[in-house]
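Visitor: First, the structure itself, so that you have it in front of you.
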Amino acid sequence: MKAIITTLPGKSVLQEVPMPEMNEDSVLIQLKYCGVCYSEHYEWKTNGGAFGHEPMGTIVQVGKNVEGFSVGDRVSGLWGSTLPGAGGMVQYAVANPSKDTVVKLPENVRDEDLVLEPLACIYSAVSKAHCSMPGTHVCVVGCGYMGCGAISLLKARGCYVVAVDIRESSRADALKYGAQEAYSPQEALEKYGTESGHPGFEMVMEWGETNESLDTAIQLTRMCGQLCVGAYHTGGKRLVDVQQLNIKAIEMLSVHPRQAQLSDTGARHAAEMLASGAWCYKDIPTMIYPMNKFDQAQAELETKYGHHMKALIDMEAEDGEPHLAL
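My numbering numbers the first residue of the sequence shown as 203 and each following residue consecutively.
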């Protein structure tokens, strides 16, 4: 089988690698897609390695001790590792359903919207956010794929969501997926910033990946409010105003999932909520790249805004042209 390996910074090749070994407690999965995650972008640009931790595919073999799964089941989940650098850009993978998160997928949602690992991250983040009552005004800073997913899930919790992003196209996406208001950082600070005399928000969630987005989020968080940092923040240190964090007694919490049970619950609930319509986050503009265009997919993470929100590698196509999913 083939795997995508980044041999030099920003340069990947398709390599022949051995098929994974099955056992009686495992299933063999032929991958259809593997998501391209911004958390791996800096390492791709600077170091290289094996990337991919957002798998989705079809079961093609079932061990004799495995119950509840059959050949032909569409599945996604958290097998291998949920961490960047898991090396999951492979055509076949083995998972143990008794130990790994392997979720059968609903038929009424398209494959492209059912790559569950990033959805589990969003679920984990929102589960940790303080939203005291339905109708509570909250703020999301950074409205890419993850931010818009958080907006739509916060809306499902009954929140009134104010979105903030530097890009007009991303603000439009935020409104599409559930935000009631959307502003540039300057506009948001003038209307809602604590330095402008506004009390600020009870909860602010940051997905912007930059020092500037963290600064904006801090200024929008009220006294004794909660700042939830969802962005992974690779590519160097971030410097924040600790004095303002301290004076305002802000609870600053990393909401990236590191609890296996919560990640598992998030993946399973995401599939159920998308199928039922409880989480309205489907038909996302998604660009599909063949395996030999992995480097292009990574490079275009920085320029995708206004064109597509999510990138997937088609693990069944070694060559071809990128295209938007229908």
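Cβ coordinates follow ideal geometry from the N, Cα and C atoms, glycine included.
(1) Just tell me which of D516, I490, Q217 has its CA closest to the CA of K506.
(2) So, under 8 Å CB-CB, Q388 and V363 are touching, yes? Tell me the CB distance rounded to an integer number of Å.
(3) Once DSSP output is grouped into helix, strand and coil, what is the label at E408?
(4) When DSSP labels each residue in this structure, what does F271 get in the three-state scheme?
(5) Below 7 Å CB to CB, which residues in the same chain sit around D375 once its five sequence neighbours on both sides are set aside?
(6) Could you round the C-beta distance between M454 and L422 to whole angstroms and report it? I think they count as a contact, below 8 Å.
(7) Classify H389 as helix, strand or coil using the three-state DSSP reduction.
(8) Do you know how far the Cα of A419 is from the Cα of E397?
(9) Could you check if H332 is buried or exposed, using at least 16 other CB atoms within 10 Å of its CB as the buried criterion?
(10) Compute the Euclidean distance between the alpha carbons of E520 and G251, then round it to the nearest angstrom.
(11) Report buried or exposed for R435, applying the criterion of at least 16 other Cβ atoms within 10 angstroms of its Cβ.
(12) Answer with buried or exposed for P401, where buried requires no fewer than 16 other C-beta atoms within 10 angstroms of its C-beta.
(13) Quick check on this structure: which residue in I353, Y240, G479, T209 has the alpha carbon closest to the alpha carbon of P308?
(14) Excluding the 5 residues preceding and the 5 following S214 in the sequence, name in chain order all residues of the same chain whose CB lies nearer than 6 Å to its CB.
(15) Output yes or no for whether 8 Å exceeds the beta carbon distance between M224 and G265.
(16) With 16 other CB atoms within 10 Å as the buried threshold, where does D417 fall?
(17) Between which residues of its own chain and H471 is the CB-CB distance below 7 Å, once the five residues before and five after are set aside?
(18) Taking buried to mean at least 16 other C-beta atoms within 10 Å of its own C-beta, is P211 buried or exposed?
(19) Kindly indicate which residue of V406, A322, Q445, D516 has the alpha-carbon position closest to the one of H458.
(20) Along the chain, where does the alpha helix (DSSP H) that runs through S214 open and close?
(21) According to DSSP, simplified to helix, strand and coil, what is I207?
(22) Taking E474 as part of the alpha helix (DSSP H), name the residues at either end of that continuous run.
(23) Grab me the residues of G259's own chain with a C-beta within less than 6 Å of its C-beta, minus the 5 sequence neighbours each way, in chain order.
(24) Answer yes or no: do V317 and L503 have a C-beta to C-beta separation smaller than 8 Å?
(25) Using CA coordinates, which residue listed in I261, T412, T284 is at the minimum distance from V273?
(26) Are there 16 or more other CB atoms within 10 angstroms of the CB of T248, so buried, or fewer, so exposed?
(27) Do S300 and D227 come within 8 Å of each other at the CB atom, strictly closer than that value?
(28) My understanding is that W481 touches A327, with C-beta atoms under 8 Å, so please give their C-beta distance in whole angstroms.
(29) Would you say E392 faces chain C, with C-beta separation under 8 Å as the test?
(30) If you check the beta carbons only, do E414 and G432 fall under 8 Å apart?
(31) Using the three-state DSSP reduction, which class does G251 fall into: helix, strand or coil?
(32) Per DSSP, H339 forms a beta bridge with which residues?
(33) Am I right that V343 and V366 are in contact with their C-beta atoms under 8 Å? What's the rounded C-beta distance?
Guide: On the basis of the data shown:
(1) I490
(2) Rounded, the Cβ-Cβ distance is 19 Å, inconsistent with contact.
(3) strand
(4) coil
(5) C345, C350, M511
(6) Between L422 and M454 the Cβ distance is about 13 Å, and since that is not below 8 Å, they are no contact.
(7) Residue 389 is actually Glu in this sequence, not His. E389 falls in the helix class under three-state DSSP.
(8) 12 Å
(9) exposed
(10) 19 Å
(11) Arg is not the amino acid found at residue 435; the sequence shown has His there. H435 should be labelled buried.
(12) exposed
(13) Of the residues I353, Y240, G479, T209, the one whose Cα lies closest to the Cα of P308 is G479.
(14) I206, T208, F496, D497
(15) Yes.
(16) Looking at its Cβ environment, which holds 16 or more other Cβ atoms inside 10 Å, D417 is buried.
(17) Y325
(18) exposed
(19) A322
(20) That residue, S214, is in no alpha helix (DSSP H); its beta strand (DSSP E) goes 213-218.
(21) Per DSSP, reduced to three states, the secondary structure at I207 is strand.
(22) Note, E474: alpha helix (DSSP H), 462-478.
(23) I231, Q232, L233, K234
(24) no
(25) I261
(26) So T248 ends up on the exposed side.
(27) Between D227 and S300, the C-beta spacing is below 8 Å.
(28) Actually they are not in contact, since the Cβ atoms of W481 and A327 sit about 13 Å apart, beyond 8 Å.
(29) In the structure shown, chain C cannot be found, because there is only a single protein chain.
(30) Not in contact: E414 and G432 (Cβ atoms no closer than 8 Å).
(31) strand
(32) DSSP, once it has assigned bridges, lists Y362 as partnering H339.
(33) The pair is a contact, with the Cβ atoms about 5 Å apart (cut-off 8 Å).
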